[in-house]
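A.B. asks: Here it is: the structure, laid out below.
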Ligand SMILES: Nc1ncnc2c1ncn2[C@@H]1O[C@H](COP(=O)(O)OP(=O)(O)OP(=O)(O)O)[C@@H](O)[C@H]1O
Ligand SMILES: [Mg+2]
């Protein structure tokens with residue numbers, strides 16, 4: 029098994045935001061992973077998806093699954109994150125008041141992602157931000 | 005605490021009910037308007053979500069956390085799209101005139117517990 033799915037995510041599209049993560053959740057449930065394992069992955073997918081919608085010019089989520097691991101990658105077209113250390117600290121957010129009113133801007137997204145995956149990588153420039161997260165598949169990750 | 009009891013206590017209105025959780029006994033509640041906070045702290049599908057956030061993202065967050073009952077405070081009207089999403093994901097949605105603070109206070113006093121975070 030070596031499968032890749034791509035989901036296009038659009039800037040400022042609050043109506044459809046969350047659809048990609050919802051699809052990813054359904055797919056992981058079909059494979060038969062435990063709810064606990066799925067929840068970790070989907071929390072990350074959703075946080076990444078919302079970050080693309082809120083903070084970027086648009087991008088995509090990619091999930092790749094092979095026998096040993098699951099890799100979730102979020103790529104966008106910019107404008108990038110100026111200070112990565114700051115962005116990764118709990119509570120830091122540049123979200124506007126309007127975005128807060130929609131339920132975002134706690135500054136917990138990137139810290140949540142980091143906490144819920146096994147390997148975390150982030151790279152950002154003005155051309156875009158790439159967040160790569162992965163999990164190991166083990167016997168106990170199946171229900 | 006069953007959905008029927010929650011509705012009675014907060015003078016709520018059921019907008020849509022998941023038939024599966026008719027007799028479910030909820031033990032805990034989490035009240036919050038920032039979705040990443042929910043995602044950071046809720047790790048219990050026996051928990052209801054109390055929120056003032058009236059949009060699809062509240063339902064998306066609940067879906068991810070396997071939360072199947074949401075109370076919307078402050079008496080706002082839910083959009084049709086939210087109700088559809090709730091039906092697809094088998095969730096119960098309740099609205100009430102009470103504020104987030106009042107709903108939390110009433111349900112805490114009558115036995116729902118806080119999450120340990
Ligand atoms: N894809 C991105 N492109 C540009 N900036 C980003 C991106 N992702 C995150 N950021 C920046 O990093 C900050 C922290 O991100 P994080 O996800 O932790 O919090 P948030 O999105 O502001 O709030 P929350 O995720 O709690 O709703 C953001 O406020 C934003 O400035
Ligand atoms: Mg975020």
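Residue numbers (my numbering), protein chains in the order written: chain A, 29 to 171; chain B, 5 to 121.
For each residue, glycine too, the CB sits at the ideal point set by N, CA and C.
#1: Taking only beta-carbon positions, decide if residue 33 (chain A) is within less than 8 angstroms of chain B.
#2: Does any C-beta atom of chain A lie closer than 8 angstroms to the C-beta of residue 94 (chain B)?
#3: Using three-state DSSP, classify residue 120 (chain A) as helix, strand or coil.
#4: Which residues, in order along the stretch 26–48 of chain B, keep a beta-carbon less than 7 angstroms from a beta-carbon of chain A?
#5: Measuring only the C-alpha atoms, how far is residue 5 (chain B) from residue 27 (chain B)?
#6: CB of residue 79 (chain A) to nearest heavy atom of ligand 1: below 7 angstroms?
#7: Closer than 9 angstroms, Cβ to Cβ, to anything on chain A: give me those residues from the stretch 58–83 of chain B, in chain order.
#8: Return yes when at least one heavy atom of ligand 1 lies under 7 angstroms from the C-beta of residue 83 (chain B), else no.
#9: Opposite residue 104 (chain A) in the DSSP bridges: which residues?
#10: Checking contacts by CB at 8 angstroms: is residue 74 (chain A) closer than that to chain B?
#11: When we look at the beta-carbon of residue 72 (chain B) and count the other beta-carbons within 10 Å, is it buried (16 or more) or exposed?
#12: Tell me, please, whether the CB atom of residue 136 (chain A) is closer than 8 angstroms to any CB atom in chain B?
#13: Using the beta-carbon count (16 or more within 10 Å), is residue 33 (chain A) buried or exposed?
#14: Taking only three categories from DSSP, how would you classify residue 39 (chain A)?
#15: What did DSSP end up calling residue 32 (chain B) once you bin it into helix, strand or coil?
#16: Taking the beta strand (DSSP E) that residue 105 (chain B) falls in, what are its first and last residues?
#17: Give a yes or no on whether the minimum CB-CB distance between residue 24 (chain A) and chain B is below 8 angstroms.
#18: Would a C-beta distance cut-off of 8 angstroms place residue 46 (chain B) and residue 69 (chain B) closer than the cut-off?
#19: Less than 8 angstroms separating the beta-carbons of residue 100 (chain A) and residue 73 (chain A)?
#20: How far does the alpha helix (DSSP H) with residue 164 (chain A) in it reach, from first residue to last?
#21: Have a look at residue 84 (chain B) and residue 152 (chain A) and give me their C-alpha separation to the nearest angstrom.
#22: Measuring only from the beta carbon, is residue 123 (chain A) closer than 7 angstroms to any heavy atom that is part of ligand 1?
#23: Quick check on residue 147 (chain A): buried or exposed, where buried means 16 or more other Cβ atoms within 10 Å of its Cβ?
C.D. replies: Well, looking at it:
#1: False, the Cβ-Cβ gap to chain B never drops below 8 angstroms.
#2: Under the Cβ criterion of 8 angstroms, residue 94 (chain B) is not counted among the residues facing chain A.
#3: The answer is coil: DSSP assigns residue 120 (chain A) none of H, G, I, E or B.
#4: Those would be 37, 38, 39, 40, 41, 43 and 44, in chain order.
#5: Between residue 5 (chain B) and residue 27 (chain B), the C-alpha separation is close to 9 angstroms.
#6: In this structure, the C-beta of residue 79 (chain A) approaches ligand 1 to less than 7 angstroms from one of its heavy atoms.
#7: Residues passing the 9 angstroms Cβ filter: 59, 60, 61, 62, 63, 64, 65, 67, 68, 69 and 70.
#8: Not a single heavy atom of ligand 1 lies less than 7 angstroms from the C-beta of residue 83 (chain B).
#9: Residue 104 (chain A) pairs with A:87.
#10: For residue 74 (chain A), at least one C-beta of chain B is nearer than 8 angstroms to its own C-beta.
#11: With 16 or more Cβ atoms within 10 Å of its Cβ, residue 72 (chain B) is classed as buried.
#12: Chain B, which has a Cβ nearer than 8 angstroms to the Cβ of residue 136 (chain A), makes this yes.
#13: By the neighbour-count rule (16 or more Cβ atoms within 10 Å), residue 33 (chain A) is not buried but exposed.
#14: In the three-state DSSP reduction, residue 39 (chain A) falls in the coil class, being neither helix nor strand.
#15: Residue state, collapsed to three classes: strand.
#16: Per DSSP, residue 105 (chain B) lies in no beta strand (DSSP E); the unbroken alpha helix (DSSP H) holding it starts and ends at 104–113.
#17: Because chain A in this structure spans residues 29 to 171, residue 24 (chain A) falls outside the shown range and cannot be described.
#18: For residue 46 (chain B) and residue 69 (chain B), yes; Cβs fall inside 8 angstroms.
#19: Yes, these two residues count as a Cβ contact at 8 angstroms.
#20: Residue 164 (chain A) -> not in any alpha helix (DSSP H); beta strand (DSSP E) instead, spanning 156–164.
#21: Computed Cα separation, rounded: 38 angstroms.
#22: Set against 7 angstroms, the gap from the CB of residue 123 (chain A) to the closest heavy atom of ligand 1 is smaller.
#23: Here residue 147 (chain A) is exposed. Its C-beta has fewer than 16 other C-beta atoms within 10 Å.
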